[in-house]
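Down below is the structure, laid out as structure tokens.
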Amino acid sequence: MQSKLLHEADGKRTFAVILQKGDEAMRCLQEFAAKERLGGAQVTAIGALSSAKLAFFDWETKQYRPIPVEEQVEVASLIGDIAVGPDGMPSIHVHAVLGRRDGTALAGHLQEGHVRPTLEIIITESPVHLCKVKDPESGLALISARK
Amino acid sequence: MQSKLLHEADGKRTFAVILQKGDEAMRCLQEFAAKERLGGAQVTAIGALSSAKLAFFDWETKQYRPIPVEEQVEVASLIGDIAVGPDGMPSIHVHAVLGRRDGTALAGHLQEGHVRPTLEIIITESPVHLCKVKDPESGLALISARK
Amino acid sequence: MQSKLLHEADGKRTFAVILQKGDEAMRCLQEFAAKERLGGAQVTAIGALSSAKLAFFDWETKQYRPIPVEEQVEVASLIGDIAVGPDGMPSIHVHAVLGRRDGTALAGHLQEGHVRPTLEIIITESPVHLCKVKDPESGLALISARK
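Chains as they are written, first to last, in the numbering used here: chain B, 16 to 162; chain A, 16 to 162; chain S, 16 to 162.
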């Protein structure tokens, strides 16, 4: 994982975070957010992965249903956000669209992404933090704009 | 619908707009853009929906062909923009990629999205407005950078 | 191709670049980046195409495998970045998710996109440049955050 500060003004920073072959995307984002103390940020990326774990939130069981991806895929879209979780740590939420060899697409909540050869991430910090609160109905920690 | 101003400088504001179970995404975006008088903005979001109406613009008939989505889906990508329509009101244009239970993806123009449990939207305002003009060939109101 | 400067502050500019029927997206982005001397930028877009060339990077052969798209499609997501290539020229890297008539999605690296009727692109410049370096293993020029 390499990073570069692209812009800074009024407490708002923009970073490029460049992942390399073998890096795991969610762990790297977690580490970077903790190191830079990001409590509110927007994330976008493109690149490619050698394998991934997507997931689908099953509303009936209130659990994530795993969707393993055991092949090289293009990261056609990665969009996410960083907030402060109920435990006070950065909480990273990322969704991705992956393109297969034949051009068909897979999409879902990203749990793991094993980079090969690159993932080019842009993170735009917000000076105001986003806070997550446990939602009793879904059991998930969701962003609340009231906090 | 909850919202939070994340950043403001030089006439440019960034908002988090957080939708909750039962909110309809396009109506909420329309309401928020009218309330905040947004005439030029970029929109991204992730979250999940209990159902949606996507559409495909059919170039032969010059009409949107409906693609109903009657199942819980992840919003893997939502990208859009806000401009001033020919009637002077905010015109919201949103495309989305939706992930199904098995990880397959649906994609198109978003007409309706019924949120469950959350849709985390980031709106970045531009101090310069974008204006739409009716395009005679397609019959659509399209952004013109000349106005 | 039309363009409009939406915001400028601290050496960071945001542009709307609006493509019209018949424009080819990658050539227009290349021309625009050269004209505005963009050496670090983030790109997002939505719109529609009459045809496209997607590609998948085959890790075995280290070559892009073409995925021709010979039909009208919605550009449900387009995300990319602009860096300085090893030759000193702007290097444009774009991935896209395309929605077909029946709502199914195609995804991959965008090599060509023939616009119909519009492609609404937002380009956010970074005052700090991103530089590409040839990666010996993949043979690709990849962004390095160390340069």
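We treat Cβ as the ideally placed atom computed from N, Cα and C, and that holds for glycine.
Integer Cβ distance of residue i from residue j, believed to fall under 8 Å
i	j	result
isoleucine 107 (chain B)	leucine 44 (chain B)	5 Å
glycine 114 (chain B)	valine 143 (chain B)	The Cβ separation is near 35 Å, so there is no contact.
alanine 156 (chain S)	valine 148 (chain S)	7 Å
leucine 53 (chain A)	glycine 55 (chain B)	20 Å between Cβ atoms; not a contact.
glutamate 86 (chain S)	serine 66 (chain S)	7 Å
glutamate 140 (chain S)	lysine 27 (chain S)	6 Å
lysine 36 (chain S)	valine 130 (chain S)	6 Å
alanine 49 (chain A)	proline 105 (chain A)	6 Å
Partner residues on chain A for residue i, Cβ-Cβ distance less than 7 Å
i	result
serine 19 (chain S)	The sequence given here has lysine at residue 19 (chain S), not serine. Chain A residues near lysine 19 (chain S): Val143, Ala160.
Beta-carbon neighbours of residue i, restricted to chain A and to distances below 9 Å
i	result
phenylalanine 72 (chain B)	Ala63, Gln87, Glu89, Pro132
lysine 27 (chain B)	Leu21, His22, Ala24, Thr29
Element boundaries [alpha helix (DSSP H), containing residue i]
i	result
leucine 44 (chain A)	40-50
Proximity of residue i and residue j at Cβ, strictly below 8 Å
i	j	result
isoleucine 33 (chain A)	isoleucine 158 (chain B)	yes
valine 112 (chain S)	alanine 91 (chain B)	yes
alanine 120 (chain B)	leucine 121 (chain S)	yes
glutamine 57 (chain A)	threonine 59 (chain S)	yes
valine 109 (chain S)	cysteine 146 (chain S)	no
glutamate 135 (chain A)	aspartate 96 (chain B)	yes
proline 132 (chain B)	aspartate 150 (chain S)	yes
glycine 118 (chain B)	isoleucine 61 (chain S)	no
arginine 168 (chain S)	arginine 80 (chain B)	With chain S covering 16 to 162 only, the question about residue 168 (chain S) has no answer from this structure.
Extent of the continuous beta strand (DSSP E) run through residue i
i	result
proline 83 (chain S)	78-84
glutamine 35 (chain B)	27-35
aspartate 73 (chain S)	56-73
aspartate 96 (chain S)	88-99
glutamate 152 (chain S)	Taken as a continuous stretch (DSSP letters only), glutamate 152 (chain S) belongs to no beta strand (DSSP E), as it is neither H nor E.
histidine 124 (chain S)	120-140
glycine 114 (chain A)	105-114
isoleucine 160 (chain S)	First, the residue type needs correcting, since residue 160 (chain S) is alanine and not isoleucine in the sequence shown. No beta strand (DSSP E) contains alanine 160 (chain S), which DSSP labels as neither H nor E.
histidine 22 (chain A)	17-24
Interface residues of chain B facing residue i [CB-CB closer than 7 Å]
i	result
valine 112 (chain S)	Ala91, Ser92, Val112, Ala120
alanine 48 (chain A)	Here the premise fails: no neighbours, minimum Cβ distance about 16 Å.
glycine 123 (chain S)	Glu89, Ala91, Gly114, Gly118
histidine 129 (chain S)	Chain B residues near histidine 129 (chain S): none, gap ~17 Å exceeds 7 Å.
Interface residues of chain A facing residue i [CB-CB closer than 8 Å]
i	result
arginine 116 (chain S)	Phe71, Asp73, Arg80
isoleucine 137 (chain S)	Gln57, Asp96
glutamate 152 (chain B)	Lys36, Pro132
Listed by chain order, chain S residues near residue i by CB distance under 9 Å
i	result
glutamate 51 (chain B)	The premise fails here: glutamate 51 (chain B) is roughly 14 Å from chain S at the closest Cβ pair, so nothing lies under 9 Å.
serine 66 (chain A)	The contacting residues do not exist; serine 66 (chain A) stays about 13 Å from chain S at best.
Amino acids of chain S, ordered along the chain, whose beta-carbon sits closer than 8 Å to that of residue i
i	result
arginine 59 (chain B)	The question names arginine, but residue 59 (chain B) is threonine in the sequence shown. Here the neighbours are Gln57, Thr59, Ile94.
Within chain S, the residues that residue i reaches when beta carbons sit closer than 7 Å
i	result
aspartate 102 (chain A)	Ordered by position in chain S, no residue passes the 7 Å Cβ test against aspartate 102 (chain A), which lies about 19 Å from the chain.
Chain B contact residues for residue i, given Cβ-Cβ distances below 9 Å
i	result
leucine 155 (chain S)	Pro132, Thr133
8 Å Cβ cutoff, residue i in contact with chain C
i	result
isoleucine 107 (chain S)	The structure shown contains no chain C; its protein chains are B, A and S.
*Determine contact between the segment 123-142 of chain B and the segment 33-50 of chain B, defined as no fewer than three beta-carbon pairs at a distance below 8 Å.*
yes
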